[in-house]
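Shown next, in structure tokens, is the structure this report addresses.
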Amino acid sequence: MNWTDERVEKLKKLWSEGLSASQIAAQLGGVSRNAVIGKVHRLSLPGRAKAGGTAPATASRAPKRTTSAPRAPNYAARATTRTVTRAQGATVVREEVEIDTVEEMEFVPASNVVVPISRRLELTQLTERTCKWPVGDPLKDDFHFCGNDSPDSSPYCNYHQKLAYQPVSDRRRAAR
DNA sequence: CCCTGATTCGC
DNA sequence: GCGAATCAGG
Numbered sequence: 001m002n003w004t005d006e007r008v009e010k011l012k013k014l015w016s017e018g019l020s021a022s023q024i025a026a027q028l029g030g031v032s033r034n035a036v037i038g039k040v041h042r043l044s045l046p047g048r049a050k051a052g053g054t055a056p057a058t059a060s061r062a063p064k065r066t067t068s069a070p071r072a073p074n075y076a077a078r079a080t081t082r083t084v085t086r087a088q089g090a091t092v093v094r095e096e097v098e099i100d101t102v103e104e105m106e107f108v109p110a111s112n113v114v115v116p117i118s119r120r121l122e123l124t125q126l127t128e129r130t131c132k133w134p135v136g137d138p139l140k141d142d143f144h145f146c147g148n149d150s151p152d153s154s155p156y157c158n159y160h161q162k163l164a165y166q167p168v169s170d171r172r173r174a175a176r
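Read in order, the letters of the first sequence correspond to residues 1 to 176 in the UniProt record's numbering.
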């Protein structure tokens with residue numbers, strides 16, 4: 001694959017938008033992330049400020065939040081489904097986060113009692129083999145994902161897999 | 001181990 | 001000019 005004007009333009013655009021080299025490589029197709037990085041250098045495009053690190057997209061630091069007392073039932077949000085999409089490398093992660101006023105509060109109480117050894121990963125850290133079980137309130141900034149290793153390419157770790165695939169009949173009512 | 005960008009250097 | 005290999009870092 002050679003660098004046609006079009007491809008170069010796309011490269012410039014995506015790079016300026018802050019996409020990572022591997023993400024760009026995935027979109028262009030036919031090239032590796034190394035090829036992209038190499039091209040970026042040859043074009044003398046501005047590199048990423050600090051080397052070896054996360055894409056600047058994560059730069060938005062959350063304003064420190066004083067840990068509040070265990071959340072009391074505050075399920076204002078009615079049943080909602082928000083789709084959040086992010087890419088990690090050439091991997092596209094699209095998550096349907098259901099905010100179920102019943103199930104959520106049962107599985108995700110204020111404290112992380114239910115969650116084993118969460119690695120507390122950011123959305124940007126998820127890969128094909130990290131558990132994508134959401135922990136906490138997606139609307140709060142302490143929200144994160146389990147992140148434990150998941151067998152094969154399962155979306156969840158062994159523990160959360162059980163919770164994830166419980167038959168509806170089993171979880172109806174305050175069964176838990 | 002996953003990922004990131006940076007650099008080198010044979011082609 | 002190209003990009004795999006390698007390096008350096010989170």
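Yeah, the Cβ is synthetic: ideal placement off N, Cα and C, and Gly gets one too.
Rounded to whole angstroms, what's the CA-CA distance from T130 to S20? Just pull it up for me. Here residue 130 corresponds to residue number 130 of the first sequence, with the count starting at 1. Here residue 20 corresponds to residue number 20 of the first sequence, with the count starting at 1. Each residue's Cα considered, the two are about 20 Å apart.
One question on the structure: do A26 and A35 come within less than 8 Å of each other, judged by their Cβ atoms? Counted from its first residue, the first sequence places residue 26 at position 26. Counted from its first residue, the first sequence places residue 35 at position 35. The criterion of a C-beta distance shorter than 8 Å is not satisfied by A26 and A35.
Please list, in chain order, all residues of the same chain as L45 whose beta carbon is under 7 Å from its beta carbon, the five residues on each side excluded. One-based indexing of the first sequence puts residue 45 at position 45. If we look at L45 and ignore the five residues flanking it on each side, its Cβ neighbours are K12, W15.
Please report how far the alpha carbon of G18 lies from the alpha carbon of R48, in whole angstroms. The residue labelled residue 18 in the question sits at position 18 within the first sequence. The residue labelled residue 48 in the question sits at position 48 within the first sequence. Their backbone Cα atoms lie some 9 Å apart in a straight line.
Just the Cα atoms here: how many angstroms apart are P151 and Y159? One-based indexing of the first sequence puts residue 151 at position 151. One-based indexing of the first sequence puts residue 159 at position 159. Approximately 11 Å between the Cα atoms of the pair.
What did DSSP end up calling V31 once you bin it into helix, strand or coil? Along the first sequence, read from residue 1 onward, the residue named residue 31 stands at position 31. It is coil, neither helix nor strand.
Return the first residue and the last residue of the alpha helix (DSSP H) that R7 is part of. Start at 1 with the first residue of the first sequence, and residue 7 comes out as number 7. Start and end: 5–16.
Would you call H41 buried or exposed, if buried means 16 or more other Cβ atoms sit within 10 Å of its Cβ? Taking the first residue of the first sequence as position 1, residue 41 is located at position 41. Exposed, by the Cβ-count rule.
Per DSSP, V40 is paired with what? Working through the first sequence from its first residue, we reach residue 40 at position 40. None; V40 has no bridge partner.
Using C-beta distances below 7 Å, list every residue in its chain close to Q161, excluding the 5 sequence neighbours before and after it, in chain order. Numbered from 1 along the first sequence, position 161 holds the residue referred to as residue 161. Only S154 meet the Cβ criterion.
Which residue comes first and which comes last in the alpha helix (DSSP H) that contains L163? Taking the first sequence and counting its residues from 1, one reaches residue 163 at position 163. Element bounds for L163: 158–164.
Across which residues does DSSP place P134 in a beta bridge pair? Residue 134 sits at position 134 when you count from the first residue of the first sequence. According to DSSP, residue pairing for P134 in a beta bridge involves F145.
Buried or exposed: which applies to Y156, given that a residue is buried once 16 or more other Cβ atoms fall within 10 Å of its Cβ? For the purposes of this step, residue 156 is taken as residue 156 along the first sequence, with counting starting at 1. With a 10 Å radius around the Cβ and a threshold of 16 neighbouring Cβ atoms, Y156 comes out buried.
What three-state label does DSSP hand S154 in the structure shown? By one-based count along the first sequence, residue 154 stands at place 154. DSSP, reduced to helix, strand and coil, places S154 outside both helices and strands of the structure shown, so it counts as coil.
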